[in-house]
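In the numbering used here, the protein residues as written are 4 to 974. A virtual CB, placed ideally from N, CA and C, is assigned to each residue, including glycine.
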């Protein structure tokens, strides 16, 4: 950087004045000029170290120049000085970097060239706004690209068209492509496995076509890969081009070596057929390299030895027969070794019970050298962690007399432990520490007086102390350790010698590259400020926070050194991501629905329905220069007109056709992070939706305001206010509750709050951790709601990878919903109170429902509920088995998720639960259950799942199964 600096202290006045005549004199004025236009931009003024009134020094001038260059905005900085009444007048002349905003091609050769492809090559390599200083490199790239396209002698020149206010440039490349080289004669040496014409066609070679060397090599590589996948692993084609006629023609010679067909054969003892390609991956690697074959033999032997075949051998040989290369692996298992007894001796200080459970060698198990070695290491590690630094475990394996047959050998395993001396920490002292006191250092080390001495912990403790000092700015601080043992080795005194060194502070924080993002928004996430200690932890945390914002394609923090070794500048370089994101898609939605059919006597049945579906998503981030964002999501689904969800759920007729009710959802979200300079984030949502349920349809429009914050890294809390207008229509339940008849359309005003503890390893496909959530909602007439109720919902989930399995995950889920309505008088259509009637229920759209792909998978959507014959008032299914919903909900789920291959997995599940009319009606004896299985596939667009559930103890009129296709895990 400094090599590009032009520093001149021009002297005005006496011709004999020298630079030393200015040094030490007070600075009178400091002016900054950008292309002869004076500026007082704060971001520039604050990095200039030559302050008015202070003595002028060359060190401060150099630091100012370094700071200005570090901003990345200037390609040249010159300093001019003049004396004015005994004071120094400084002028910084800044030549700005003109960002390239446009690339243009011209010249006689540009018309015959795909300039769009050239432009993409430039932006892929040098970015959307390349620096003018890279013009020579870009010219070479274009030249090489033209040569690859057959123009072997192009002439490419460049120039920059500079514009001011704003500072930008158009980069113009003038192209004279010259004559294009074409393919002339083609000679083939060797015998390809097909006709010459077909062979040349496969390689894309034709006389008179443009000669493109890289494209030809790519097609040759693709062809040889195809041959290797067919078993010709030694297939090879070597092209040689000879230029003629002043490089206008390229005559090609193709040397073809088809190689023999390779056949891998296994002789001797049998191996599992499904593991042979894994053991010998010649097909996957498309190679029969000797190193690969040797590794294959080792893999087979390791596998067999893990199965107890201690003397297993699997050498390989090569042989050619009828132009076929046969590779033979001769597998000899030998007898299988099985553990008869395991004896551990010499463990006087640690009882066998403390480590026996962790040993892999057990009586009756298959013998494996690797497992025995692992047990020995585990025992020695346990002893070292208990203070026995010299402990050793010696294994011995002996055949059991009379325990051998032709196919099996019984062995006795003995592990003899030599404990040695146990060493305890007698004292821990610290020397040389001035900034951190002994208590602060002692809290950072794990070696403590009275504890066993563990040598490995000493390095960990040293690094912990050194990191503590580095985070306080002691960049060059060092820590050394000393050990002093007692004569018998039973005690040790530990000493940590600290050399703090000079403390380094942050001088300036320079932020460059941000165009739309305000500097203050970036500074808010920086954990280090000017004047703070130079802390690596704070710098790393700052980088993590900037990356987590999602506003930047790249964010990098680097240090800048200058004259004072106790000061560092931090340069924050930002590359902003595109502010607008757009996504869209479509497909088919298929699911089971509850319907009423005439042929079933009006009783609810289940039917699989397929409907076209489309969605659109648009987002804008970095609004107004802050980490604000606005998103719009829209989805629409068209259902067939013959679907019995329309016209009051009347039964369908075969003559109906076309599309009926449209399901849609439109959600707009505005996010304001750190609202009012707090740690909380604010969200405003506006929703318009129309949805089809099993026993009614509804249309809703609403708005909500939410405040969310993280209390800890795993615990978050949310509070919100919601205002909704809901219209329920097309009810199918004949005996409707009073509230559904009176409030088919209602205004809901409510407050809600939730607290969540999330320790899952992954939000989409967790393999460990858990999730706990509690949500409460209250709606009341006193806050503008037409109905009042209180509702709560609790969720508990756990995920565990089962030990000693191939990543099999157990997933458990429990959900509990409780609700109660506030009493109010009933009113008629004229808003008149109906005497003697009181309403205590929740509106139909606010009750709990169960059944479907995420609750109880043996049932269609909303199909689960209580039902008795004769009917009871507490039933949540009517006489036609249509759902009415309820105030109580219990859902329990359990899954085993078994990886199979690649992104495929199998799942077995058990679901149970039910919906109850009142909380007091919850009865675990009335839970409905389903068992089943499914397939999971990790696709590029997210996990896809297919589930098939079977009802347990199904009732009359219910089908046996229900199946679902959806995205994501069930929970």
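When the options are compared against residue i, the one with the closest alpha-carbon
i: residue 220; options: 151, 235, 174 and 301; result: 151
i: residue 866; options: 873, 876 and 854; result: 854
i: residue 408; options: 337, 448, 702 and 365; result: 337
i: residue 73; options: 82, 488, 812 and 50; result: 50
i: residue 283; options: 334, 778 and 325; result: 334
i: residue 294; options: 274, 270 and 319; result: 319
i: residue 723; options: 733, 732 and 711; result: 711
i: residue 382; options: 421, 815, 315 and 514; result: 421
i: residue 862; options: 799, 820, 848 and 934; result: 934
i: residue 947; options: 937, 956 and 953; result: 937
i: residue 222; options: 206, 232, 589 and 576; result: 206
i: residue 703; options: 716, 713, 728 and 679; result: 728
i: residue 373; options: 390, 312, 328 and 321; result: 312
i: residue 26; options: 641, 53 and 439; result: 53
i: residue 363; options: 404, 109, 418 and 353; result: 418
i: residue 444; options: 426, 469 and 456; result: 469
i: residue 753; options: 718, 794 and 714; result: 794
i: residue 3; options: 413, 885, 136 and 772; result: For the chain, the structure presents residues 4 to 974; residue 3 sits outside this window and is missing.
i: residue 134; options: 543, 577 and 103; result: 103
Exposure label - residue i; buried when at least 16 CB within 10 Å
i: residue 141; result: buried
i: residue 268; result: exposed
i: residue 585; result: exposed
i: residue 757; result: buried
i: residue 2; result: Residue numbering for the chain in the displayed model covers 4 to 974; residue 2 lies beyond these limits and cannot be assessed.
i: residue 165; result: exposed
i: residue 928; result: exposed
i: residue 980; result: No answer is possible for residue 980: it lies beyond the span of the chain, which begins at 4 and ends at 974.
i: residue 956; result: exposed
i: residue 958; result: exposed
Per-residue DSSP class, three states only, for residue i
i: residue 469; result: helix
i: residue 909; result: strand
i: residue 61; result: helix
i: residue 474; result: coil
i: residue 361; result: helix
i: residue 210; result: coil
i: residue 68; result: helix
i: residue 353; result: coil
i: residue 984; result: With the chain covering only 4 through 974, there is no way to say anything about residue 984.
i: residue 236; result: coil
i: residue 941; result: strand
i: residue 48; result: helix
i: residue 182; result: coil
i: residue 860; result: coil
i: residue 916; result: strand
i: residue 458; result: helix
Cα-Cα separation, residue i to residue j
i: residue 68; j: residue 540; result: 29 Å
i: residue 623; j: residue 520; result: 13 Å
i: residue 411; j: residue 306; result: 17 Å
i: residue 172; j: residue 553; result: 29 Å
i: residue 676; j: residue 683; result: 7 Å
i: residue 367; j: residue 341; result: 6 Å
i: residue 64; j: residue 573; result: 19 Å
i: residue 309; j: residue 317; result: 14 Å
i: residue 890; j: residue 782; result: 15 Å
i: residue 467; j: residue 917; result: 54 Å
i: residue 751; j: residue 627; result: 33 Å
i: residue 876; j: residue 764; result: 45 Å
i: residue 149; j: residue 161; result: 15 Å
i: residue 183; j: residue 252; result: 9 Å
i: residue 523; j: residue 477; result: 28 Å
i: residue 658; j: residue 733; result: Unreliable placement is indicated for residue 658, whose pLDDT of 44 sits below 50; the coordinate value is still reported in the next sentence. Taking the straight line from one Cα to the other gives about 21 Å.
For residue i, the residue or residues it bridges with in DSSP
i: residue 481; result: 502
i: residue 2; result: No statement about residue 2 is possible, as the shown extent of the chain runs from 4 to 974 and does not include it.
i: residue 173; result: 105 and 164
Residue i: CB within 8 Å of a non-hydrogen atom of the ligand NAD
i: residue 495; result: By its list of ligands, the structure shown contains no ligand whatsoever, and the ligand NAD lies outside what it can speak to.
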